Amino acid sequence: MTKARLDALKVHPRETYDEALNRLLDLAYDPEPLSEETLQKIEEAVADIRAGRGRPV
793 MTKARLDALK VHPRETYDEA LNRLLDLAYD PEPLSEETLQ KIEEAVADIR AGRGRPV
């Protein structure tokens with residue numbers, strides 16, 4: 793089962809498992825995480841939406 797799942801993740805048949813896994817890890821890792829200020833603004837925006845303060849797009 794694991795081999796079949798890994799095979800499904802390959803971009804092309806000759807891609808190695810190492811290449812496929814490294815590609816996936818690169819997608820998952822964010823070298824620039826969000827700042828504390830940005831996280832605070834996101835939390836405020838979510839609170840505004842939950843409180844009904846906002847308008848539909």
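Numbering-wise (this note's numbering), the sequence shown opens with residue 793 and increments by one.
Every residue gets a Cβ at the ideal spot worked out from N, C-alpha and C, and that includes glycine.
Just so you know, these numbers come straight off a predicted model, no measurement behind them.
query	result
Beta-carbon spacing of Y809, L819 below 9 angstroms	no
Whole-Å CB distance - A812 paired with L801, under 8 angstroms assumed	5 angstroms
Collapsed DSSP secondary structure at K833 in the structure displayed	helix
Collapsed DSSP secondary structure at Y809 in the structure displayed	helix
Rounded separation between H804 and M793 - CA only	19 angstroms
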